[in-house]
Structures are given as structure tokens and as C-alpha cells.
Amino acid sequence: MKNHALNKWMIQRISAVILLPLLLFFLYSNLVNQDYTGALDFFDNYLPIIIFTLFLIFAGLHFKLGLNEIIEDYVQDERFKSILNRVVTLYSAILPIIGIISLITIIL
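All the letters of the sequence shown, read from the start, carry residue numbers 0 to 107 under numbering that gives the first Met the number 0.
Listed below in C-alpha cells is the structure:
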């Protein structure tokens, strides 16, 4: 049990470290101040597309690990805990997929 908890802790920390430079890339690219055509121009290159896709994947992983840990610590009812963990797993998979599909739709 200890090794499993340590692995989850390490993966969450590693995903946080990976997310930081990806987030900084978008903050320093001034994407937030762009209009729609500016955003389209920004995503015209493959590098921002790859970085944004990686950001969505690692954000989903980090989201899942963090919320599952909160649920494990604070929810006492095992049945409700199981339902919440499934919902979190579902959303942590669906949200990055929706983001990637949206990005593909925008750039095509």
C-alpha cells in the first residue's frame, strides 16, 4: 500500500512540474490578449498545438490525482467515494479530449 501511495504522490508532483513550463509558455506567448484571429494565427504553428495538447493531457492527469486524493481523505462513505472517483475519472478523461477536439476543429 505504501508503494502505491508513493507512486501516486510522485506522479502528481511530476505532472505539476511538467505543467509549470507548459503554462508559462502560454502566459508568455500573450495568448490571453489575442482576439479570435490572433489565436488562430498562434495555433497555425505545430509547436503551440503540441504544447497545448500536452498541457491538456497532463492537466487532466493532475486533476484526477488531486481530486481522487481529496475524495480518499475526506469522504467516509465507501459507496459515495466509489461513485465520486468514477465521476472524476470520467471527467479527467473527457475534458482533455473535448479540448483537443476543439483545438483540432479550430485549426482546420
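Glycine included, C-beta positions come from ideal geometry on N, C-alpha and C.
Exposed unless 16 or more other CB atoms sit within 10 angstroms - verdict on residue i
i: F54; result: buried
i: S91; result: buried
i: L60; result: buried
Alpha-carbon to alpha-carbon, residue j and residue i
i: L19; j: T36; result: 26 Å
i: L23; j: F79; result: 37 Å
i: E71; j: L30; result: 37 Å
i: I103; j: F41; result: 13 Å
i: H3; j: P47; result: 34 Å
i: V87; j: E68; result: 11 Å
i: A58; j: S14; result: 8 Å
i: I96; j: S81; result: 23 Å
i: Y73; j: L107; result: 44 Å
i: Q33; j: R85; result: 37 Å
Residue i - DSSP class collapsed to helix/strand/coil
i: V74; result: coil
i: N29; result: coil
i: D34; result: coil
Beta-carbon spacing of residue i, residue j below 8 Å
i: I50; j: L21; result: yes
i: L26; j: I105; result: no
i: L64; j: I10; result: yes
i: I100; j: T52; result: no
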